[in-house]
Amino acid sequence: MLFHHYVHRVAWLMIPIDGVRNPWKSTYPAIALQNSSAATRSLYHAILAQAAFNLSNLHASDPDYSRESHEHGLRHYGIALRELRESLEMPAQNYNASVGAVITLAVIEGVYVAKKQRWRRHFDGASGIITQFMHDKPWTECSDAWVISQSLALSFEVGKTGSKTADGYSPLTGDLLGAVSGQEFFGYTIGAYSKVINSISAIRLLGEELSRGQISENLDTRAARVLKDLSDVTDDTAHIEVEEVDDDPNSPYCQTNRRSEQERREDRLYNLHFKIFRNAGLIYLYRTIFDAAPYVIGDFISAVLSDAMEFLDLQGGSISIWPVFIAAVEACKEEDRAMVQRWIEFSCKLGIQNRLVARKIIQHVWEARDAEALSHGRDPSEVVIDWRDVQEQLGFDILLL
Numbered sequence: 001m002l003f004h005h006y007v008h009r010v011a012w013l014m015i016p017i018d019g020v021r022n023p024w025k026s027t028y029p030a031i032a033l034q035n036s037s038a039a040t041r042s043l044y045h046a047i048l049a050q051a052a053f054n055l056s057n058l059h060a061s062d063p064d065y066s067r068e069s070h071e072h073g074l075r076h077y078g079i080a081l082r083e084l085r086e087s088l089e090m091p092a093q094n095y096n097a098s099v100g101a102v103i104t105l106a107v108i109e110g111v112y113v114a115k116k117q118r119w120r121r122h123f124d125g126a127s128g129i130i131t132q133f134m135h136d137k138p139w140t141e142c143s144d145a146w147v148i149s150q151s152l153a154l155s156f157e158v159g160k161t162g163s164k165t166a167d168g169y170s171p172l173t174g175d176l177l178g179a180v181s182g183q184e185f186f187g188y189t190i191g192a193y194s195k196v197i198n199s200i201s202a203i204r205l206l207g208e209e210l211s212r213g214q215i216s217e218n219l220d221t222r223a224a225r226v227l228k229d230l231s232d233v234t235d236d237t238a239h240i241e242v243e244e245v246d247d248d249p250n251s252p253y254c255q256t257n258r259r260s261e262q263e264r265r266e267d268r269l270y271n272l273h274f275k276i277f278r279n280a281g282l283i284y285l286y287r288t289i290f291d292a293a294p295y296v297i298g299d300f301i302s303a304v305l306s307d308a309m310e311f312l313d314l315q316g317g318s319i320s321i322w323p324v325f326i327a328a329v330e331a332c333k334e335e336d337r338a339m340v341q342r343w344i345e346f347s348c349k350l351g352i353q354n355r356l357v358a359r360k361i362i363q364h365v366w367e368a369r370d371a372e373a374l375s376h377g378r379d380p381s382e383v384v385i386d387w388r389d390v391q392e393q394l395g396f397d398i399l400l401l
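Going by UniProt numbering, the sequence shown runs without a break in its numbering and finishes at 401.
What follows is the structure, encoded as structure tokens:
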């Protein structure tokens, strides 16, 4: 039952727009079912653990069922961790399964259970795996290895944006990101472009330099280059214009028109999510490098949230949390906050624990901003609040996946 729940429910939650290229419906389960090594067994039990924790979260209103599912999750998580440790003692074993297991365990701890900082340890372990395989470069050999490697690179970059700690060089950024981001579809599993993800990584590294007091002479040039890269990302902003469909089942045009309508809807969903990520990247740039107040980036905030609402209206699936959250914590206008509340209401029904954490952080950021604005006689949009400071005060360390 757990495996079935993973393939038919959890896999849908892992990607904004479901389809034949969803690796959590194909790549991960196929590798896990091989049962050929400690690494594949680790991935198998990690998958079952993720499914169990999702069921536990979904059925929180049924304490007995939720507790039982949580216990199943803990048991499979423990087995997955034990098998992974065994596999890492023999690095020549399956690269795909080892990295897939590490990603899944990190997602469990950072997203489905939301344990503070424990998920970061898995990325530390992944760095060691990548270092071991840098000579062989398995991500260049087959599509499965590339898909899993890009998932690792994406997860790491997104995870790092939530930390104020400047950790310096990591092979996951310095080596892996550059190696996998050249492929045409890089970023598709979180609904983003390669150029946007690389820009987010560049912004993060610039921000880390600033936090260390390393203000280089070419800072403005580098920031301008990132701004240009994000601004140059193009998209088709046309809404779906549904043609009149022939409902006559005997008509030769019926199925063709219906298929065309579905294709146009999917194109619109992809474009919407790309725009959501691009505009969130611009928000991240202005906040990280220039410490801009919300009024400076108000148009980007509204654009992200408006596109997210259209995405929900089109029943596109589970929107990636990172871009919407980055906009949500800066939202000040009443209409923007109303859109955030709608997204939160949808997201908190998915059985994903970090959505509940996101709601708490967003609400506390809003409260802190409004209180400071009131005490100083200013508009909330003029008040700068770093959401990472708020999450630290709350004792959280959210993984925005």
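Cβ coordinates follow ideal geometry from the N, Cα and C atoms, glycine included.
Is it the case that the Cβ atoms of V180 and W119 are separated by a distance below 8 Å?
-> For the purposes of this step, residue 180 is taken as residue 180 along the sequence shown, with counting starting at 1. For the purposes of this step, residue 119 is taken as residue 119 along the sequence shown, with counting starting at 1. By the CB criterion at 8 Å, V180 and W119 fall outside the cutoff.
Does DSSP put L401 in a helix, in a strand, or in coil?
-> Reading the sequence shown from its first residue, position 401 is the one you call residue 401. Three-state DSSP puts L401 in coil, outside helix and strand.
Please say whether R369 and I344 have beta carbons closer to each other than 8 Å?
-> The count along the sequence shown starts at 1 and reaches residue 344 at position 344. The count along the sequence shown starts at 1 and reaches residue 369 at position 369. Cβ atoms of I344 and R369: not closer than 8 Å.
Assign P63 to one of two classes, buried (16 or more other C-beta atoms within 10 Å of its C-beta) or exposed (fewer than that).
-> Counting from 1 along the sequence shown, the entry for residue 63 is found at position 63. Exposed.
Exposed or buried, what is D232 when buried is set at 16 or more other beta-carbons lying within 10 Å of its beta-carbon?
-> The sequence position of residue 232 within the sequence shown is 232, counting from 1. By the neighbour-count rule (16 or more Cβ atoms within 10 Å), D232 is not buried but exposed.
Straight-line Cα distance separating L282 from F3 = Here residue 3 refers to the residue found at position 3 when the sequence shown is read from its first residue. Here residue 282 refers to the residue found at position 282 when the sequence shown is read from its first residue. Straight across, the Cα-Cα distance linking F3 with L282 is about 39 Å.
Along the alpha helix (DSSP H) that carries V324, what are the first and last residues, could you check?
-> In the sequence shown, the residue the question calls residue 324 occupies position 324. Its alpha helix (DSSP H) spans residues I321 to A328.
With DSSP as the reference, label P138 as helix, strand or coil.
-> Position 138 of the sequence shown holds residue 138. The three-state secondary structure of P138, taken from DSSP, is helix.
Of the residues F300, K137, S42 and R268, which one's Cα is nearest the Cα of D313?
-> By one-based count along the sequence shown, residue 313 stands at place 313. The closest CA to that of D313, considering only F300, K137, S42 and R268, is found on R268.
Helix or strand or just coil, what does DSSP make of T165?
-> What you label residue 165 is simply residue 165 of the sequence shown in a count that begins at 1. Annotated three-state conformation of T165 is coil, per DSSP.
If I'm right that A60 touches S66 with Cβ under 8 Å, what's the distance once you round it to whole angstroms?
-> Taking the sequence shown and counting its residues from 1, one reaches residue 60 at position 60. Taking the sequence shown and counting its residues from 1, one reaches residue 66 at position 66. A60 to S66, Cβ: 5 Å. Contact.
Going straight from the alpha carbon of T237 to that of Q315, what length do you get?
-> Here residue 237 is taken as the residue at index 237 of the sequence shown, counted from 1. Here residue 315 is taken as the residue at index 315 of the sequence shown, counted from 1. Because T237 carries a pLDDT of 36, less than 50, the predicted location of this residue cannot be relied on, and the following value inherits that uncertainty. Cα to Cα, the separation comes out at about 18 Å.
Simplified DSSP state of Q214, which is helix, strand or coil = The residue labelled residue 214 in the question sits at position 214 within the sequence shown. Secondary structure of Q214 (DSSP, three-state): coil.
When you compare only the Cα positions, how much space is there between A52 and G377?
-> On the sequence shown, position 52 is the one that residue 52 refers to. On the sequence shown, position 377 is the one that residue 377 refers to. Their Cα atoms are separated by approximately 49 Å.
List the endpoints of the continuous alpha helix (DSSP H) containing F3.
-> For the purposes of this step, residue 3 is taken as residue 3 along the sequence shown, with counting starting at 1. Bounds of the alpha helix (DSSP H) holding F3 are L2 to H5.
Straight-line Cα distance separating V390 from V365 = For the purposes of this step, residue 365 is identified with residue 365 of the sequence shown, where counting begins at 1. For the purposes of this step, residue 390 is identified with residue 390 of the sequence shown, where counting begins at 1. Approximately 7 Å between the Cα atoms of the pair.
Do I326 and A358 come within 8 Å of each other at the CB atom, strictly closer than that value?
-> In the sequence shown, counting from the first residue as 1, residue 358 sits at position 358. In the sequence shown, counting from the first residue as 1, residue 326 sits at position 326. In this structure, A358 lies away from I326, with their beta-carbon atoms at least 8 Å apart.
Could you pull the start and end residues of the alpha helix (DSSP H) that L55 belongs to?
-> Walking along the sequence shown from the start, residue 55 turns up at place 55. Segment A38 to L58, the alpha helix (DSSP H) holding L55.
Close-in-space but distant-in-sequence residues of the same chain around E86 (CB under 7 Å, 5 per side omitted) | Along the sequence shown, read from residue 1 onward, the residue named residue 86 stands at position 86. By the criterion of a C-beta distance shorter than 7 Å, E86 is surrounded in its chain by A38, once the five residues flanking it on both sides are discounted.
Q150 - containing alpha helix (DSSP H), residue span | In the sequence shown, the residue the question calls residue 150 occupies position 150. From DSSP, the alpha helix (DSSP H) with Q150 extends over S143 to K160.
Can you check whether the CB of G351 is closer than 8 Å to the CB of N57?
-> As a first step, residue 57 must be located in the sequence shown, where it is residue number 57. As a first step, residue 351 must be located in the sequence shown, where it is residue number 351. Yes; because the gap between Cβ atoms is below 8 Å, this pair is in contact.
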